[in-house]
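Its first residue numbered 57, the sequence shown is counted upward by one per residue in this note's numbering.
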Amino acid sequence: MLVKRNPRVLASALPDGNTALLVVETGRYVTFDPTATAIWERTEEPITLRDLVASLLSEYEADEAVLERDVRNALETLADKKVVTLEA
């Protein structure tokens, strides 16, 4: 799976480590906690799910299978909100 950011999303880092995004095409705001922000930061360039999970594993202590499942679920939610696109 290849993850790509929607270029029509405006993002702003918040002082508390969260990130606020505006999806221009829907006019909806999305707020990320620091963990979701870590995923967002890694999608600046298109990235595969495998590389995204590997990058997160280098920073966070987690079971790889659990992390992959959680990241996949988060990405599917973000795709539904038009924050990212997912390609098979």
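For each residue, glycine too, the CB sits at the ideal point set by N, CA and C.
This one's a predicted model, so the numbers in the text were calculated from it and none came from an experiment.
query: Excluding sequence positions up to five away, which residues of its chain have a Cβ less than 8 Å from the Cβ of residue 112?
result: By 1-based counting over the sequence shown, the position of residue 112 is 56. Once the five neighbours on either side are set aside, the close Cβ partners of residue 112 are 94, 95, 98, 118, 123 and 127.
message: Quick check on residue 61: does DSSP put it in helix, strand or coil?
response: Here residue 61 refers to the residue found at position 5 of the sequence shown. The answer is strand: DSSP assigns residue 61 an E or B state.
- prompt: Using DSSP with H/G/I as helix, E/B as strand and the rest coil, what is residue 101?
  reply: Indexing the sequence shown from 1 puts residue 101 at position 45. DSSP places residue 101 in coil when its eight states are reduced to three.
- prompt: From residue 78 to residue 91, what does the alpha carbon distance come to, in whole angstroms?
  reply: Position 22 of the sequence shown holds residue 78. Position 35 of the sequence shown holds residue 91. When rounded, the distance between both Cα atoms is 18 Å.
task: Counting only runs of 3+ residues fully inside the region 74–126, write out the beta strand (DSSP E) ranges in chain order.
output: 75–79 and 84–88
task: Have a look at residue 83 and residue 101 and give me their C-alpha separation to the nearest angstrom.
output: As a first step, residue 83 must be located in the sequence shown, where it is residue number 27. As a first step, residue 101 must be located in the sequence shown, where it is residue number 45. Cα to Cα, residue 83 sits roughly 23 Å from residue 101.
- prompt: With a CB to CB cut of under 6 Å and the five nearest residues on each side skipped, what residues in its chain are close to residue 135?
  reply: To locate residue 135, count along the sequence shown from 1; it is residue 79. Cβ within range, chain order: 142.
- request: Closer than 6 Å by C-beta to residue 65: which residues in its own chain qualify, once you throw out the five before and the five after it? Chain order, please.
  value: The sequence position of residue 65 within the sequence shown is 9, counting from 1. Here the set comprises 77, 79 and 139.
task: With residue 142 as the anchor, note down where its beta strand (DSSP E) starts and where it stops.
output: Counted from its first residue, the sequence shown places residue 142 at position 86. Taken as a continuous stretch (DSSP letters only), the beta strand (DSSP E) holding residue 142 covers 140–143.
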